[in-house]
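So the sequence lines, in the order shown, correspond to chains A and B. Per the numbering used here, the very first residue in the first sequence carries number 241; after that it's consecutive. Per the numbering used here, the very first residue in the second sequence carries number 6; after that it's consecutive. The block underneath contains the structure these notes are about, expressed in structure tokens.
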Amino acid sequence: MTIVALTSSSPRHRKLRGAALLPYLLSLPSLLVTVGIFIPFVTAAIYSLQRYNLAIPAARRFIWFGNYVAFLSDAQFWQMVAVSLAYAVLTVVIELLLGLGIALLLQRRSAVNNFMNVALILPLMVAPAIAALMWKLMTNPSFGILNYLLTLIGIHHFGWSSAPGSALATVVLVDVWVYTPFITILLLAGLRALPRQPFEAAEVDGVPGWFVFFRITLPMLLPYILTAVLFRMLDSIQQFDIIYAMTQGGPGDRLMVFQVQAYLQAFTFTNIGRSAAILMVLWAITFALSNLFINRWLALRARARALA
Amino acid sequence: MSPFRLLRPFLLLLVGLFFLFPIFWVVLMSFMTDQAIFSSPPSLFFKPTLQNYAALISGHLETGTGTLDVDYMRNLGNSLLLAAGSVIVSLLLGVPAAYAFARFKFRLGENIAFTLLSFRFAPPLLVLLPLQIYFQDLGLYDTYGGLIWVYQLITLPLILWIVRGYFEDASEDIEAAYRLDGHSWFKTFWRIAIPLARPGIAAAALLAFIFAWNNFIFALILGSSAVQPVTVGALAFITASGIHYGQIAAALVLSILPTLVLALYTQRYLVEGLSLGAVKG
Numbered sequence: 241m242t243i244v245a246l247t248s249s250s251p252r253h254r255k256l257r258g259a260a261l262l263p264y265l266l267s268l269p270s271l272l273v274t275v276g277i278f279i280p281f282v283t284a285a286i287y288s289l290q291r292y293n294l295a296i297p298a299a300r301r302f303i304w305f306g307n308y309v310a311f312l313s314d315a316q317f318w319q320m321v322a323v324s325l326a327y328a329v330l331t332v333v334i335e336l337l338l339g340l341g342i343a344l345l346l347q348r349r350s351a352v353n354n355f356m357n358v359a360l361i362l363p364l365m366v367a368p369a370i371a372a373l374m375w376k377l378m379t380n381p382s383f384g385i386l387n388y389l390l391t392l393i394g395i396h397h398f399g400w401s402s403a404p405g406s407a408l409a410t411v412v413l414v415d416v417w418v419y420t421p422f423i424t425i426l427l428l429a430g431l432r433a434l435p436r437q438p439f440e441a442a443e444v445d446g447v448p449g450w451f452v453f454f455r456i457t458l459p460m461l462l463p464y465i466l467t468a469v470l471f472r473m474l475d476s477i478q479q480f481d482i483i484y485a486m487t488q489g490g491p492g493d494r495l496m497v498f499q500v501q502a503y504l505q506a507f508t509f510t511n512i513g514r515s516a517a518i519l520m521v522l523w524a525i526t527f528a529l530s531n532l533f534i535n536r537w538l539a540l541r542a543r544a545r546a547l548a
Numbered sequence: 006m007s008p009f010r011l012l013r014p015f016l017l018l019l020v021g022l023f024f025l026f027p028i029f030w031v032v033l034m035s036f037m038t039d040q041a042i043f044s045s046p047p048s049l050f051f052k053p054t055l056q057n058y059a060a061l062i063s064g065h066l067e068t069g070t071g072t073l074d075v076d077y078m079r080n081l082g083n084s085l086l087l088a089a090g091s092v093i094v095s096l097l098l099g100v101p102a103a104y105a106f107a108r109f110k111f112r113l114g115e116n117i118a119f120t121l122l123s124f125r126f127a128p129p130l131l132v133l134l135p136l137q138i139y140f141q142d143l144g145l146y147d148t149y150g151g152l153i154w155v156y157q158l159i160t161l162p163l164i165l166w167i168v169r170g171y172f173e174d175a176s177e178d179i180e181a182a183y184r185l186d187g188h189s190w191f192k193t194f195w196r197i198a199i200p201l202a203r204p205g206i207a208a209a210a211l212l213a214f215i216f217a218w219n220n221f222i223f224a225l226i227l228g229s230s231a232v233q234p235v236t237v238g239a240l241a242f243i244t245a246s247g248i249h250y251g252q253i254a255a256a257l258v259l260s261i262l263p264t265l266v267l268a269l270y271t272q273r274y275l276v277e278g279l280s281l282g283a284v285k286g
């Protein structure tokens, strides 16, 4: 009796096991290729615990959290945190307000709006580093078109990215130019996916437009807004391309955000230990943000799949 | 409502100007001589010249102090090779994985999928800093292969998550029926699943291409000018002294033209791709 049961279940069991292995086999190559990237990550974590300067290799040794402890009393570090936060918050807030406004403007489908939709994609497809160079030409002191426009309203010799007072505003402007369309097209897709009934009911009842916006549109759009904001926040706190291409962190240390500072520490000052410690702090921030984002994103993705 | 109605065309014009004017202006500049660029006030009526592009293509740039040899065409070729190579590798690796994640509920599956996704959000320098040292030991520094490998951090998550969505949307019934006819698993995947997901795969590939093309930091750190793409090459251009501004503008135009054209093609899938499938376009 037992033997019969065993022999009859055995082939099915084998088949099941074969099928169970298949997904692993299919996803293994992807994993292997990216696992290679895990090793440097661990290495970076170890570097961050060392005194490690390529210029003085003999002095290399473990100092545990020495690099991190040094940050606490390091004005340069806190300046970097402040600039990075200012950049991230400014870009995300401006892009959200502008992006939402434009999405509402383009909500109804029409020939003009469809054209604008396509036009908005273009800045988003320009490499951020190239966008920074484009704006650098536009703000060039001797022929930049923006300087010319400023002289028309009586402002002469505006410093743009080379003046300490306006450097942050200038790189934020470039970021806004590149990434506002991202928020717009995401929110536009969100707006168009909203159910119609609440709006029709509100129109029948003669509810004023501002009330509809704050009590119906905004709450229903909130999941899309949160996803967009977290996504942008994640990118913005790590911004490198725009700032590096435009000013390399200057003037002075006015635009020394996390990754620019870490880049200069490692590749100009050969201070690998300090650079790695800066990057680990940044990683901790992005890890927390990305966990929040992924939860949001999963909920939205499930909804998008259900709607489709 | 009516003041807003009146304001609306004006606002649209403002939005259009802000987002399109920089591209328009740089394109104009690329057809100007330095004399026209420096003319004040700036004028739309100038005699267009192709000499900026001609100089870039020939690689010999006339500057105030003599001829400068800049092989910008090589940067363009590098961009093409790196972006296309990365996308092809990502497709080979990512499409089967995407199918596995969509069709099979398997232990570790979601974990693997999220590990791959999480790379999208980690600071790139964190990985690049040790890699720069490793790559020199491994002989991968300054090679296309090394860069294409690292570019997987950008292209693979994108392709994996978008294509996964398309596989999930496609009905399993057709595949099941085909399998009942006695066809192997691989044949079902190749003949049924992939053709059904083809629009998604194509869109994901084009988007991944655009993102790889636009990358800046990887090649800045892991390669010299021999393998560097246009994004890094253009920066060297603008910091070198004596290069005509029209030539810089032409270089920028050449670097953005391919992605802009591709973007117009993929615009329908763009929302979905940018949000990794969180929002349908």
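Built from N, CA and C at the ideal position, the CB exists for glycine as well. Remember, predicted model here, so these are calculated numbers, not experimental data.
query                                                                                                                                : result
The alpha helix (DSSP H) enclosing T331(A), as first and last residue numbers                                                        : A315 to L345
Contact with chain A by M78(B), beta-carbon distance below 9 angstroms                                                               : no
Residues bridged to Q290(A) (per DSSP)                                                                                               : F302(A)
N-terminal and C-terminal residue of the alpha helix (DSSP H) that T38(B) is part of                                                 : Element bounds for T38(B): n/a, residue is neither H nor E.
Close Cβ partners of G276(A) (< 6 angstroms) along its chain, the five nearest in sequence each way excluded                         : none
Start and end residues, alpha helix (DSSP H) containing G278(B)                                                                      : Y250 to L279
Closer than 9 angstroms to chain A by CB, I117(B)                                                                                    : yes
C-beta contact flag for A175(B) and V92(B) at 9 angstroms                                                                            : no
Chain B within 9 angstroms of F430(A), Cβ atoms only                                                                                 : At residue 430(A) the sequence reads Gly, which differs from the Phe that was named. Chain B, which has a Cβ nearer than 9 angstroms to the Cβ of G430(A), makes this yes.
Cβ contact check for the region 235 to 253 of chain B and the region 70 to 77 of chain B: 3 or more pairs under 8 angstroms          : yes
Contact belief for L86(B) with Y149(B) at Cβ below 8 angstroms, rounded distance in angstroms                                        : 6 angstroms
Near-chain D residues of the region 451 to 471 of chain A - C-beta to any C-beta below 7 angstroms                                   : You won't find chain D in this structure, because its protein chains are A and B.
Same chain only: Cβ atoms within 8 angstroms of F480(A), ignoring 5 sequence neighbours per side                                     : V497, Q499, V500 and Y503
V20(B), buried or exposed, once every other Cβ within 10 Å from all chains shown has been counted against 16                         : buried
Rounded straight-line distance, which links the Cα of L462(A) to that of R112(B)                                                     : 33 angstroms
Where the alpha helix (DSSP H) through L413(A) begins and ends                                                                       : A407 to A433
Interface flag, S230(B) vs chain A, CB-CB below 9 angstroms                                                                          : no
Extent of the continuous alpha helix (DSSP H) to which T54(B) belongs                                                                : Here T54(B) belongs to no alpha helix (DSSP H), and DSSP marks it neither H nor E.
Cβ neighbour criterion (16 or more within 10 Å) applied to W195(B)                                                                   : exposed
Neighbouring residues, chain B, relative to L495(A) (Cβ below 9 angstroms)                                                           : Within chain B, no residue comes near L495(A); the closest Cβ sits about 16 angstroms away, beyond 9 angstroms.
Exposure of N511(A), with buried meaning 16 or more beta-carbon neighbours within 10 Å                                               : buried
Three-pair Cβ contact test at 8 angstroms for the region 352 to 362 of chain A versus the region 387 to 402 of chain A               : no
Residues, ordered as in the chain, of the region 14 to 44 of chain B that lie near chain A by beta-carbon distance below 8 angstroms : L16, L17, V20, G21, F23, F24, L25, P27, I28, W30, V31, M34, I42 and F43
Extent of the continuous beta strand (DSSP E) to which T72(B) belongs                                                                : G71 to D74
Below-9 angstroms beta-carbon distance, G99(B) vs any chain A residue                                                                : yes
Proximity below 9 angstroms, CB of Y270(B) to CB of G205(B)                                                                          : no
C-alpha distance - T467(A) paired with A328(A), whole-angstrom precision                                                             : 15 angstroms
L133(B) in three-state terms, based on DSSP                                                                                          : helix
Bridge-paired residues (DSSP) for L458(A)                                                                                            : Beta-bridge pairing links L458(A) to no other residue.
9 angstroms Cβ cutoff, R10(B) in contact with chain A                                                                                : no
A207(B): CB within 8 angstroms of a non-hydrogen atom of the ligand HEM                                                              : What this structure holds is no ligand at all, so the ligand HEM is not there to describe.
Option nearest I266(A) by Cα separation, candidates A60(B), A88(B) and F106(B)                                                       : The residue you asked about is not Ile; residue 266(A) is Leu in the sequence shown. Answer by Cα proximity: F106(B).
CA-to-CA distance, L271(A) to L261(A), given in whole angstroms                                                                      : 15 angstroms
Burial state of F302(A) (16 or more Cβ within 10 Å)                                                                                  : exposed
Start and end residues, beta strand (DSSP E) containing L66(B)                                                                       : H65 to T68
Limits of the unbroken alpha helix (DSSP H) element including V94(B)                                                                 : Y77 to R108
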